[in-house]
Amino acid sequence: AGGRTFDIIELSKISYPAGLQFWLFLAFFAAFAVKMPMFPIHTWLPDAHTEAPTAGSVLLAGILLKMGAYGFLRISFPMFPHAVQTFFIPLLILSVTAIIYGAYVTLMQNDLKRLIAYSSVSHMGFITLGIFTLNQSGIEGGILQMINHGVITGALFLCVGMIYERTHSRMIKDYGGLFKTVPVFTVFFAIFTLAAIGFPGMNAFVGEFLIISGAFKANMVIAAFSILGVILGAIYMVWLYYRVALNEINSATKSRLFDLDLREIATLVPLVVLVFLIGVQPNILLSYMHVSVEHLLEQVHTTVVSDTNPLYDSAIGIAQYIRELFVWI
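In this note's numbering, the protein residues as written are 87 to 415.
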């Protein structure tokens with residue numbers, strides 16, 4: 087007692103002066119923001135993904151990018167609650183800027199890996215938007231979206247890696263008409279593309295719905311702008327799929343293509359299962375978050391948003407309806 091410690095639980099029990107919280111929060115924010123990455127310190131991410139092998143990109147997208155968001159929830163929220171309440175509106179603005187900017191830049195990419203990397207900037211903006219709403223719907227949606235992003239983006243990088251092994255090109259212009267030449271691959275790619283859009287019945291839908299519902303409770307103007315990011319996200323993913331799978335066939339690439347083998351299919355199938363399982367039964371994850379998020383919000387000294395939030399119930403209700411529809415089919 088009274089000694090030096092790195093124990094987070096013990097450190098979170100200390101009531102730091104408001105001024106000290108201010109500077110400590112900014113210091114930790116600098117570290118976590120780079121790790122995620124948040125706009126405008128995101129420029130390392132596209133280059134990192136471009137230079138990394140497929141396994142490195144999957145690990146980076148699936149796990150490492152989430153460490154920054156985890157740091158906010160695990161360290162910044164319980165230790166610096168006053169600073170969190172002070173900065174949450176600027177951070178919401180920064181998040182929605184990342185969503186729109188990331189989506190806009192993604193639209194202009196010609197390299198498959200760089201396109202997915204820039205889309206991650208937009209998706210991580212949604213995660214921080216949810217976290218800094220400081221209400222239960224937003225935070226639970228942000229945590230769920232951390233998992234969803236890892237599954238979907240990891241799967242997209244695997245798909246890019248598999249097709250790159252055949253063509254040795256990541257340029258979108260070198261593809262086209264893949265649905266006719268590698269139909270199994272394009273079916274998997276279509277599933278993960280729709281999941282990235284947030285298609286109902288797939289995992290990202292519930293996460294984005296909860297984040298936006300939480301954002302509307304925090305600030306309606308910011309929430310309205312975040313919807314633009316959803317629209318742009320649908321545009322760039324559909325545009326990507328059209329150019330890769332449905333456009334005119336590139337004859338030079340066609341000669342080097344062959345469809346997925348059993349090993350590659352076995353790699354992607356578990357991710358497809360997760361996409362649909364979380365999409366139709368999100369409570370398998372959300373049920374474990376309720377108590378922890380309520381406790382976290384108590385530490386931040388904000389009003390806990392009940393699970394009776396109509397928008398929260400709507401998201402879960404839609405997922406349950408889709409699940410029942412699948413069972414009926």
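Note that beta-carbon positions come from the ideal geometry of N, C-alpha and C, so glycine has one too.
Given the structure is predicted, the values throughout are model-derived calculations rather than measurements.
With a 10 Å radius around its C-beta and 16 neighbouring C-beta atoms as the bar for buried, classify residue i as buried or exposed.
| i | result |
| --- | --- |
| R200 | buried |
| I73 | Only positions 87 to 415 of the chain appear in this structure, which leaves residue 73 out of reach. |
| L348 | exposed |
| M124 | buried |
| N196 | exposed |
| F274 | buried |
| K266 | exposed |
| F212 | buried |
| H381 | exposed |
What three-state label does DSSP hand residue i in the structure shown?
| i | result |
| --- | --- |
| I347 | The displayed chain sequence assigns Asp, not Ile, to residue 347. Looking at D347 - three-state DSSP - the assignment turns out to be coil, as it is neither helix nor strand. |
| T91 | coil |
| P356 | helix |
| I185 | helix |
| N333 | coil |
| Q367 | coil |
| M288 | coil |
| Y374 | coil |
| V390 | With a pLDDT of 43 at V390, under the threshold of 50, the modelled position of this residue cannot be trusted, and the question is left open. |
*asked:* Report the start-end ranges of each alpha helix (DSSP H) in the segment 97–177 that is 4 residues or longer and not cut off at the edges.
replied: Correct list: 104–121, 130–137, 140–145, 152–157.
_Using 8 angstroms as the cut-off, can you tell me whether the segment 239–247 makes contact with the segment 121–140, which would need three or more C-beta pairs spanning the two stretches below that distance?_
Cβ pair count under 8 angstroms is three or more, so yes.
*Can you give, in chain order, each stretch of the alpha helix (DSSP H) that sits fully within the segment 193–276 and has at least 4 residues?*
198–217, 222–253, 264–267
_Three-pair Cβ contact test at 8 angstroms for the segment 217–237 versus the segment 174–186_ = yes
*asked:* Measuring CB atoms only, is the segment 180–192 touching the segment 309–325, in the sense that at least three cross pairs come out at less than 8 angstroms?
replied: yes
*Taking one C-beta from the segment 304–314 and one from the segment 255–263 each time, how about it: are there three or more such pairs within less than 8 angstroms?*
Fewer than three beta-carbon pairs drawn from the segment 304–314 and the segment 255–263 are found closer than 8 angstroms, and the two stretches are therefore not classed as touching.
*Tell me, please, whether the segment 327–335 touches the segment 281–296 by the rule of three or more beta-carbon pairs shorter than 8 angstroms.*
In the pairwise beta carbon analysis, the segment 327–335 is classified as not touching the segment 281–296: fewer than three pairs are separated by under 8 angstroms.
_Touch test, the segment 227–242 against the segment 165–175, Cβ-Cβ under 8 angstroms, three pairs minimum_ = no
*Are three or more beta carbon pairs between the segment 356–374 and the segment 220–232 nearer than 8 angstroms?*
Output reads yes: the segment 220–232 touches the segment 356–374.
*asked:* Three or more C-beta pairs under 8 angstroms: does that hold for the segment 277–286 against the segment 144–164?
replied: Short answer: they don't touch.
*Curious, which full-length beta strand (DSSP E) runs of at least 3 residues does the segment 300–332 contain?*
none
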